[in-house]
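The structure under discussion appears below in the form of structure tokens.
Residue numbers (the working numbering): 39 to 150.
This is the structure we're talking about:
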């Protein structure tokens, strides 16, 4: 069962990397589905693209970090035998990273 969740957390990290590359390169146009969406970023292309590039760099780092954490925690014997510990460590890493990314990206977009 732990291997299923390891693959799930690794997949989530890789998905974040894939989305972030498109954000960084400016391939994602203003929309209501994907990207760093706030009232300010959706109001102007001049804000959307720099804000999404910035948020995309955070998301890229978060995705790489998530993949690394998902693989490293598998190597810890106690976590390998304890699903709650494994899922908890991965979920906390995602939560802390997402909150940090969001606050930083909002602060950056407000300066634009």
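Glycine included, every Cβ here is placed at the ideal spot set by N, Cα and C.
Endpoints, alpha helix (DSSP H) assigned at residue i
{"i": "residue 134", "result": "121-149"}
{"i": "residue 115", "result": "115-118"}
Whether residue i touches residue j by CB criterion (8 Å)
{"i": "residue 127", "j": "residue 107", "result": "yes"}
{"i": "residue 105", "j": "residue 71", "result": "no"}
{"i": "residue 90", "j": "residue 130", "result": "no"}
{"i": "residue 54", "j": "residue 112", "result": "no"}
{"i": "residue 125", "j": "residue 49", "result": "no"}
Helix, strand or coil at residue i [DSSP, three-state]
{"i": "residue 39", "result": "coil"}
{"i": "residue 81", "result": "helix"}
{"i": "residue 88", "result": "helix"}
{"i": "residue 55", "result": "helix"}
{"i": "residue 98", "result": "helix"}
Straight-line gap, residue i to residue j (C-alpha atoms, nearest Å)
{"i": "residue 85", "j": "residue 92", "result": "11 Å"}
{"i": "residue 95", "j": "residue 73", "result": "12 Å"}
{"i": "residue 102", "j": "residue 138", "result": "15 Å"}
{"i": "residue 41", "j": "residue 115", "result": "13 Å"}
{"i": "residue 77", "j": "residue 132", "result": "24 Å"}
{"i": "residue 80", "j": "residue 134", "result": "25 Å"}
{"i": "residue 97", "j": "residue 75", "result": "14 Å"}
Quick check: the segment 131-147 against the segment 62-71, are there 3 or more CB pairs under 8 Å? By the Cβ rule, the segment 131-147 does not count as touching the segment 62-71, because fewer than three pairs are nearer than 8 Å.
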